[in-house]
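Trainee: All residue numbers for the sequence shown refer to the working numbering, where the first residue is 205 and numbers rise by one.
Have a look at this one before I ask anything.
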Amino acid sequence: MSKLLKIMVLSLALILASEAVSEAGKPRFRYGMEWGYSAKVASGFEYTIYNSYGSRISDSQPLSADYYTNAFVSADIGLEFLNYLAVSLEAGYRGVARDYRVMPLSLRLALFPKGYDKTGPFVFAGGGMALYNWSLEDKVNLISAGAGSRYNLSRKISLDGFLRANLISCSPLPVDPYEGTVPREKTVYSRTSHITMDLGIALYF
Numbered sequence: 205m206s207k208l209l210k211i212m213v214l215s216l217a218l219i220l221a222s223e224a225v226s227e228a229g230k231p232r233f234r235y236g237m238e239w240g241y242s243a244k245v246a247s248g249f250e251y252t253i254y255n256s257y258g259s260r261i262s263d264s265q266p267l268s269a270d271y272y273t274n275a276f277v278s279a280d281i282g283l284e285f286l287n288y289l290a291v292s293l294e295a296g297y298r299g300v301a302r303d304y305r306v307m308p309l310s311l312r313l314a315l316f317p318k319g320y321d322k323t324g325p326f327v328f329a330g331g332g333m334a335l336y337n338w339s340l341e342d343k344v345n346l347i348s349a350g351a352g353s354r355y356n357l358s359r360k361i362s363l364d365g366f367l368r369a370n371l372i373s374c375s376p377l378p379v380d381p382y383e384g385t386v387p388r389e390k391t392v393y394s395r396t397s398h399i400t401m402d403l404g405i406a407l408y409f
């Protein structure tokens, strides 16, 4: 288990422990779901491999425009406290690039300037890791930031709309124009970065 995953599990334990003091005017436990549209807008890569002749070769491409549409869905549990802050642990499923989908696990902090009990804007940022094919082998990391608007249907139910930017980096098997997909044992280094934009809605209870 990676150090990042341990931190997330510990954070979740603290959130659940704090739920015991949740009541009106005090921190409260929340859970919900979010879903929406995601667009990859840029990507770049860098890799070093050994080809079939045993030669070491490298290739790279800086971040450049690269559009591809996807979707995402996630569930989260968290804690709202101090009238205007919220911290949550999110797990879900999202498309990143063509034929590349991951299961992210991330921690997010949100700020509600008018208070989380009131209809109004909010901003948030977070980061975490993700599984690809139920494995940590691809070393997928992500950071995100965004803004949105909350509409409180009641004290216990709220509907959020949001726009979010993500930087997702991973270590997929390189695809060389001459060698094709290079196996892991012939890969010295591989890193790919994607910038994506999400437009979504979330329902919290």
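Beta carbons are placed, not taken as given, at the ideal position from N, Cα and C, and that holds for glycine.
Any chance the region 383–401 sits against the region 356–366, with 3 or more Cβ pairs inside 8 Å?
Mentor: No, the region 383–401 is not in contact with the region 356–366.
Trainee: For Gly404, name the three-state secondary structure that DSSP assigns.
Mentor: In the sequence shown, the residue the question calls residue 404 occupies position 200. Reduced to three states, the DSSP call for Gly404 is strand.
Trainee: Using CA coordinates, which residue listed in Leu363, Ala246, Thr323 and Ser375 is at the minimum distance from Ala334?
Mentor: In the sequence shown, residue 334 corresponds to position 130, counting from 1. Residue Ser375 is the option with its Cα nearest to Ala334.
Trainee: For Ser397, which three-state DSSP category applies?
Mentor: Within the sequence shown, numbered from 1, the residue matching residue 397 stands at position 193. DSSP places Ser397 in strand when its eight states are reduced to three.
Trainee: Should Arg298 and Val306 be called a contact, given that it needs their Cβ atoms to be closer than 8 Å?
Mentor: On the sequence shown, position 94 is the one that residue 298 refers to. On the sequence shown, position 102 is the one that residue 306 refers to. Yes, these two residues count as a Cβ contact at 8 Å.
Trainee: On a Cα-Cα basis, can you pick out the residue from Trp338, Ile347, Asp270 and Lys322 that is closest to Pro287?
Mentor: On the sequence shown, position 83 is the one that residue 287 refers to. First, the residue type needs correcting, since residue 287 is Asn and not Pro in the sequence shown. Nearest option by C-alpha distance: Lys322.
Trainee: Measuring straight from C-alpha to C-alpha, what distance separates Thr273 and Ala314?
Mentor: Locating residue 273 in the sequence shown gives position 69, where the first residue counts as 1. Locating residue 314 in the sequence shown gives position 110, where the first residue counts as 1. Spanning the two alpha carbons is a distance of roughly 26 Å.
Trainee: Under 8 Å by Cβ, that's how I've got Phe316 and Asp402 pegged, so tell me the actual separation to the nearest angstrom.
Mentor: Numbered from its first residue, the sequence shown carries residue 316 at position 112. Numbered from its first residue, the sequence shown carries residue 402 at position 198. About 19 Å; that fails the 8 Å criterion.
Trainee: Let's see if you can read the secondary structure: which residues bound the beta strand (DSSP E) around Ile347?
Mentor: Position 143 of the sequence shown, counting from 1, holds the residue named residue 347. First-last of the beta strand (DSSP E) with Ile347: Ser339 to Asn356.
Trainee: Gly236 to Tyr408, Cα distance in whole Å?
Mentor: Translated into the one-based positions of the sequence shown, residue 236 becomes position 32. Translated into the one-based positions of the sequence shown, residue 408 becomes position 204. About 4 Å.
Trainee: In or out: Val379 buried (at least 16 other Cβ within 10 Å) or exposed?
Mentor: For this step, residue 379 is matched to residue 175 along the sequence shown. That one is exposed.
Trainee: Take Tyr271 and list the residues in its own chain whose beta-carbon comes closer than 7 Å to its own, dropping the five residues that flank it on each side.
Mentor: If you number the sequence shown from 1, residue 271 lands on position 67. Contacts found: Ala243, Lys244 and Val245.
Trainee: For the beta strand (DSSP E) containing Ile361, name the first residue and the last one.
Mentor: Mapped onto the sequence shown, residue 361 falls at position 157. No beta strand (DSSP E) contains Ile361, which DSSP labels as neither H nor E.
Trainee: Just the C-alpha distance for Arg368 and Leu346, rounded to the nearest angstrom, thanks.
Mentor: As a first step, residue 368 must be located in the sequence shown, where it is residue number 164. As a first step, residue 346 must be located in the sequence shown, where it is residue number 142. Roughly 12 Å separates the two Cα atoms.
Trainee: Report yes if the CB atom of Asn239 is closer than 8 Å to the CB atom of Ile405, and no otherwise.
Mentor: By 1-based counting over the sequence shown, the position of residue 239 is 35. By 1-based counting over the sequence shown, the position of residue 405 is 201. Sequence check: residue 239 is Trp here, not Asn. Taking 8 Å as the Cβ cut-off, Trp239 and Ile405 qualify as a contacting pair.
Trainee: Near Ala269, which residues of its chain fall below 8 Å by C-beta distance, leaving aside the five closest residues on each side in sequence?
Mentor: The residue labelled residue 269 in the question sits at position 65 within the sequence shown. So the qualifying residues of the chain are Val245 and Ala246.
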